[in-house]
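Undergrad:
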Amino acid sequence: MNFWIEALIALFLLLGSLFALIGAIGLYRLPDFFMRLHGPTKATTLGVGGMVIASLIYFGAGDGTLSLHELLIALFLFITAPVSAHMLAKAALQQKLRLSERTRGRPWEQ
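The numbering of the sequence shown is this note's numbering, which starts it at 140 and goes up by one.
In structure tokens:
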């Protein structure tokens, strides 16, 4: 395999891993549910997306064909992650979960 293709694969793997790490740190450090929901959903979507792109390049360069498995994984991820985060946020609003003082907006106090 070409050096530049391997370097590009390594770059996407490192970027994906970095975003996944940032999402995990955000899940650990943020104080309330709404902040915890925001950090990992955005960062881990980008993290898994970077790893899927690296996989797409690796298997595409090795076989010389485009693999639809990785494209379907990315499509499914980018469709389901925001929908599930929205549903979790709506459920938290219904339950009126406790908020941190740093969280902006109080939707149930208006």
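Cβ atoms here follow ideal geometry from the backbone N, Cα and C, with glycine treated the same way.
#1: Are the beta-carbon atoms of Val187 and Leu211 separated by less than 9 Å?
#2: Met140 lies in the alpha helix (DSSP H); which residues open and close that run?
#3: In this structure, how does DSSP classify Lys235 when only helix, strand and coil are distinguished?
#4: Does DSSP put Arg241 in a helix, a strand or coil?
#5: With distance defined between alpha-carbon atoms, name the residue in Pro179, Asp171 and Leu205 nearest to Leu157.
#6: Sorted by chain position, which residues of the same chain lie with C-beta nearer than 6 Å to Asp171's C-beta, five sequence neighbours on each side aside?
TA: The short version:
#1: Indexing the sequence shown from 1 puts residue 187 at position 48. Indexing the sequence shown from 1 puts residue 211 at position 72. In this structure, Val187 sits away from Leu211, with a CB-CB distance that is not shorter than 9 Å.
#2: As a position in the sequence shown, residue 140 is number 1, starting the count at 1. Unbroken run through Met140: none, as it is neither H nor E.
#3: For this step, residue 235 is matched to residue 96 along the sequence shown. Coil, per DSSP.
#4: Along the sequence shown, read from residue 1 onward, the residue named residue 241 stands at position 102. Reduced to three states, the DSSP call for Arg241 is coil.
#5: Locating residue 157 in the sequence shown gives position 18, counting from the first residue. Minimum Cα distance to Leu157 is reached at Pro179.
#6: By 1-based counting over the sequence shown, the position of residue 171 is 32. Beyond the five residues adjoining it in sequence on each side, Asp171 comes within less than 6 Å, by CB distance, of Leu238, Ser239 and Thr242 in the same chain, given in chain order.
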